[in-house]
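Report on the following structure.
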Amino acid sequence: MSDTFPHQHAAHCETGVISTILRANGLEISEPMAFGLASGITYAYLPIIKINGQPLISYRIPPRMITRMLAWRIPGLEIKFRKFRHEAEGQRALDEILDQHKIAGLQTSVFFLPYFPQEMRFHFNAHNLLVYGREDCNYLISDPVFSHVVNADAKSLSKARFAKGPLAPKGLMYYPTKMPETIEIPRILPKAIKMTCRTFSNRNPFPFSGVKGMRRVARQIDNLEKMDSHSARLYLGHIVRMQEEIGTGGAGFRFMYAAFLQEAGEATCSQLLTGLSEEMTDIGDEWRMFAFLCARKSKNRGAVSFVEVADQLRKIARLEQNLFARLSEYRQ
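All residue numbers for the sequence shown refer to this note's numbering, where the first residue is 14 and numbers rise by one.
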């Protein structure tokens with residue numbers, strides 16, 4: 014079955030898994046389109062949630078929400094989510110799905126997946142993968158971050174599904190129970206775009222999300238001058254890890270949204286969407302520059318000031334606020 018399964022190497026795990034699940038069930042939808050229709054792009058600074066003692070910074074909506082939003086937005090699509098108290102119960106449920114020749118998405122911890130190289134394993138509990146079969150005690154896996162299909166033994170996969178800690182997956186498994194024959198993209202596109210634009214509007218009431226969140230982080234970077242150098246370097250290093258090493262990161266999600274806008278522009282013959290796609294690609298490059306400045310400052314390489322780093326983030330906030338303001342004018 015591994016020779017015929019439509020595995021796809023994706024930019025991000027959750028969007029890659031849900032896109033593959035839908036395509037395997039006869040519904041053609043690309044990873045960027047799945048991301049855009051789910052209104053997946055965002056920016057959130059959450060100081061009350063700590064990752065290794067540092068505030069959570071996210072560039073996409075929370076885990077599982079992309080899949081849930083997509084099911085909510087596409088008429089006729091229903092996806093069932095199941096969690097389990099015990100490992101044996103979760104494995105039994107997965108086996109039942111596979112025995113019906115169906116496929117299932119799983120939320121797992123990267124640390125316990127045996128096919129990950131040792132140097133790439135870390136305690137991150139929100140990694141999504143797809144199981145499409147079983148051979149003896151090995152599960153056949155389509156993991157979007159790999160260019161080829163892989164496999165895992167039952168014990169390792171179960172440990173990955175029931176890992177403890179932040180974002181504990183609790184054996185989460187999801188699969189479609191109802192599928193539409195087609196997707197009317199022009200019909201559902203305006204609502205998806207409208208929700209995204211509200212997030213990045215200056216009228217967003219939540220001070221820790223969208224452009225307000227970016228400006229708040231910029232002020233935090235300004236204040237690093239008053240902190241001891243070790244703490245300041247840790248903070249900037251954390252920003253780089255959250256942006257570039259956890260999931261797809263800031264620039265990666267911007268490039269994916271740019272691909273969504275381009276595909277949506279082609280589907281609707283909209284010059285506005287096509288033009289904004291190019292601008293979003295440029296914004297992705299600005300995020301890469303922000304990460305570069307953070308890294309240089311955190312490692313004391315070159316004459317980069319905290320103000321320069323903060324100003325780069327403020328520049329990105331202006332660019333994204335302007336882009337989404339114009340995108341909000343889209344009408345089908």
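Think of the CB as a built atom: it goes at the ideal place given N, C-alpha and C, for glycine as much as any other residue.
Keep in mind the model is a prediction, meaning the values are calculated, not measured.
- Query: Which one or two residues does DSSP pair with residue 68 in a beta bridge?
  - Reply: Counted from its first residue, the sequence shown places residue 68 at position 55. According to DSSP, residue 68 shares a beta bridge with 63.
May I ask which residues mark the beginning and end of the alpha helix (DSSP H) holding residue 140?
-> Within the sequence shown, residue 140 is the residue found at index 127, counting from 1. Run containing residue 140: none in the alpha helix (DSSP H); it sits in the beta strand (DSSP E), 140-148.
- Item | Cα-Cα separation, residue 241 to residue 306 | Counting from one through the sequence shown, the residue named residue 241 turns up at place 228. Counting from one through the sequence shown, the residue named residue 306 turns up at place 293. Distance between the alpha carbons of residue 241 and residue 306: 19 Å.
Going along the chain, which unbroken runs of the beta strand (DSSP E) with 3 or more residues stay wholly within the stretch 147-184?
If we require 3 residues or more, the beta strand (DSSP E) runs fully inside the stretch 147-184 come out as 151-155 and 163-166.
**Asked** Does DSSP put residue 118 in a helix, a strand or coil?
**Response** On the sequence shown, residue 118 is found 105 positions in, with the first residue counted as 1. The DSSP-derived three-state label of residue 118 is strand.
Assigned exposure category for residue 123 - 16 Cβ within 10 Å defines buried: Locating residue 123 in the sequence shown gives position 110, where the first residue counts as 1. Counting Cβ neighbours within 10 Å, residue 123 comes out buried, since at least 16 surround it.
(Q) Mapping the DSSP letters down to three states, classify residue 189 as helix, strand or coil. (A) Taking the first residue of the sequence shown as position 1, residue 189 is located at position 176. In the structure shown, residue 189 adopts extended strand secondary structure according to DSSP, grouped into three states.
Inset, instruction - Classify residue 14 as buried or exposed, calling it buried when 16 or more other Cβ atoms lie within 10 Å of its own Cβ. - result: Walking along the sequence shown from the start, residue 14 turns up at place 1. With a pLDDT of 48 at residue 14, under the threshold of 50, the modelled position of that residue is not reliable, and no figure is offered here.
| Under 8 Å, do residue 179 and residue 280 count as touching if we go by C-beta distance? | In the sequence shown, residue 179 corresponds to position 166, counting from 1. In the sequence shown, residue 280 corresponds to position 267, counting from 1. Not closer than 8 Å, so no.
### Message
Within the continuous alpha helix (DSSP H) that includes residue 201, where are the two ends?
### Response
Here residue 201 corresponds to residue number 188 of the sequence shown, with the count starting at 1. Counting along the chain, the alpha helix (DSSP H) containing residue 201 begins and ends at 198-213.
Skipping 5 residues on each side, what residues in its chain have a beta carbon closer than 8 Å to that of residue 225? By 1-based counting over the sequence shown, the position of residue 225 is 212. Only 215, 217 and 219 meet the Cβ criterion.
- For residue 263 and residue 72, believed in contact at Cβ under 8 Å, the rounded distance: Here residue 72 refers to the residue found at position 59 of the sequence shown. Here residue 263 refers to the residue found at position 250 of the sequence shown. About 5 Å separates the CB atoms of residue 72 and residue 263; that is less than 8 Å, so the two are in contact.
Reference residue 192, options 66, 138 and 85, closest by Cα = Locating residue 192 in the sequence shown gives position 179, counting from the first residue. Taking each of 66, 138 and 85 in turn and checking the Cα distance to residue 192, the smallest one comes out for 85.
Just the Cα atoms here: how many angstroms apart are residue 154 and residue 125?
Position 141 of the sequence shown, counted from the start, is the residue given in the question as residue 154. Position 112 of the sequence shown, counted from the start, is the residue given in the question as residue 125. Cα-Cα distance, rounded: 14 Å.
- prompt: How would you label residue 266, buried or exposed, when you count the other beta carbons within 10 angstroms and need 16 or more for buried?
  reply: The residue given as residue 266 occupies position 253 in the sequence shown. With 16 or more other Cβ atoms within 10 Å, it is buried.
Check: Among 27, 112, 75 and 53, which one has its Cα closest to the Cα of residue 62?
Finding: Against the sequence shown, residue 62 aligns to sequence position 49. Answer by Cα proximity: 75.
Grab me the residues of residue 104's own chain with a C-beta within less than 6 Å of its C-beta, minus the 5 sequence neighbours each way, in chain order. Position 91 of the sequence shown, counting from 1, holds the residue named residue 104. Taking residue 104 as the centre and dropping the five residues before and after it, the same chain places the C-beta of 171 closer than 6 Å to its C-beta, in chain order.
Which value, in whole angstroms, describes the spacing of the CA atoms of residue 110 and residue 118? Position 97 of the sequence shown, counted from the first residue, corresponds to residue 110. Position 105 of the sequence shown, counted from the first residue, corresponds to residue 118. Here the alpha carbon of residue 110 sits roughly 11 Å from the alpha carbon of residue 118.
Query raised in the report: If we ignore side chains and look at the alpha-carbon of each, how far apart do residue 40 and residue 321 end up?
Result: Locating residue 40 in the sequence shown gives position 27, where the first residue counts as 1. Locating residue 321 in the sequence shown gives position 308, where the first residue counts as 1. So the two alpha carbons sit approximately 46 Å from each other.
query: Roughly how far, in whole angstroms, is the beta-carbon of residue 33 from the beta-carbon of residue 79, given that I think they are within contact range, below 8 Å?
result: As a first step, residue 33 is located in the sequence shown; it is residue number 20 there, counting from the start. As a first step, residue 79 is located in the sequence shown; it is residue number 66 there, counting from the start. Contact doesn't hold; Cβ gap of about 13 Å is too wide.
**Study point:** Own chain residues within Cβ distance below 8 Å of residue 136, not counting five before or after
**Key:** Looking up residue 136 in the sequence shown gives position 123. So the qualifying residues of the chain are 122, 123, 124, 176 and 178.
Exposed or buried, residue 46, counting other C-beta atoms within 10 Å across all chains shown (16 or more means buried)? Taking the sequence shown and counting its residues from 1, the one referred to as residue 46 is at position 33. Classification of residue 46: buried, given that the 10 Å Cβ count is 16 or more.
Point to revise | Assigned exposure category for residue 316 - 16 Cβ within 10 Å defines buried | key: One-based indexing of the sequence shown puts residue 316 at position 303. Per the 10 Å Cβ criterion, exposed.
Can the beta-carbon of residue 293 be found closer than 8 Å to that of residue 24?
As a first step, residue 293 is located in the sequence shown; it is residue number 280 there, counting from the start. As a first step, residue 24 is located in the sequence shown; it is residue number 11 there, counting from the start. No, they are not a contact pair.
(Q) Using only CA atoms, which one of 288, 92, 300 and 133 lies nearest to residue 115? (A) For the purposes of this step, residue 115 is taken as residue 102 along the sequence shown, with counting starting at 1. Of the candidates 288, 92, 300 and 133, the one whose C-alpha sits nearest the C-alpha of residue 115 is 92.
Residue interval of the alpha helix (DSSP H) (run including residue 31)
The sequence position of residue 31 within the sequence shown is 18, counting from 1. Note, residue 31: alpha helix (DSSP H), 26-37.
Local conformation of residue 91 per DSSP, three classes: Position 78 of the sequence shown, counting from 1, holds the residue named residue 91. Residue 91: strand per DSSP, three-state reduction.
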